[in-house]
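In what follows, a structure is listed as structure tokens, so that the remarks can point back to it.
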Amino acid sequence: QVQLVESGGGLVQSGGSLRLSCAASGVTFSSYRMSWYRQAPGKERELVADITSLSGITKYGDSVKGRFTISRDNAKNTVYLQMNSLKPEDTAVYYCKAARSWYEFWGQGTQVTVSS
Numbered sequence: 003q004v005q006l007v008e009s010g011g012g013l014v015q016s017g018g019s020l021r022l023s024c025a026a027s028g029v030t031f032s033s034y035r036m037s038w039y040r041q042a043p044g045k046e047r048e049l050v051a052d053i054t055s056l057s058g059i060t061k062y063g064d065s066v067k068g069r070f071t072i073s074r075d076n077a078k079n080t081v082y083l084q085m086n087s088l089k090p091e092d093t094a095v096y097y098c099k100a101a102r103s104w105y106e107f108w109g110q111g112t113q114v115t116v117s118s
């Protein structure tokens with residue numbers, strides 16, 4: 003059974019930092035492309051950051067470039083999202099996704115709230 007469990011969300015003041023983690027089980031983690039998405043109330047889910055399976059190539063959404071960093075530890079089956087210089091508009095539920103070929107799995111999400 004595949005499970006993706008996000009953690010690390012919470013309430014932080016504008017300008018602060020948070021580190022999200024997503025622990026995977028039931029998958030060969032190193033073979034999956036891992037991504038972080040977010041969804042704010044009334045808005046569509048958007049890609050925040052993405053990291054390839056083996057080469058670790060990353061890409062970021064325009065709104066988070068230079069502030070967020072995605073990384074992965076294949077030995078720990080975990081992907082991270084370091085979020086710095088947080089802004090109120092970063093408030094959303096953050097989800098991780100594992101994808102390979104036509105397979106796709108999502109976590110349950112973790113709430114991030116940034117106060118002004």
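Position one of the sequence shown corresponds to residue 3 (the numbering used here), numbered consecutively onward.
For each residue, glycine too, the CB sits at the ideal point set by N, CA and C.
With a threshold of 16 other CB atoms inside 10 Å of the CB of Ile-59, please say whether the residue is buried or exposed.
exposed
Using the C-alpha atoms, what's the distance from Gln-84 back to Ser-16?
15 Å
If you run the structure through DSSP and keep just helix, strand and coil, what is Ser-33?
helix
Going straight from the alpha carbon of Leu-20 to that of Trp-104, what length do you get?
31 Å
By the three-class DSSP mapping on this structure, what secondary structure does Asp-92 have?
helix
Which residues bound the beta strand (DSSP E) around Lys-61?
60-62
Rounded to whole angstroms, what's the CA-CA distance from Ile-72 to Gln-5? Just pull it up for me.
19 Å
Could you tell me which of Asn-86, Thr-93, Val-66, Pro-90 sits nearest to Asp-52, measuring between CA atoms?
Val-66
Our contact map puts Leu-49 next to Tyr-96 with C-beta atoms below 8 Å; I'd like the distance itself, whole angstroms only.
Not really, about 11 Å apart at Cβ, beyond 8 Å.
Taking all protein chains shown into account, decide if Glu-106 is buried (16 or more other Cβ within 10 angstroms of its Cβ) or exposed.
exposed
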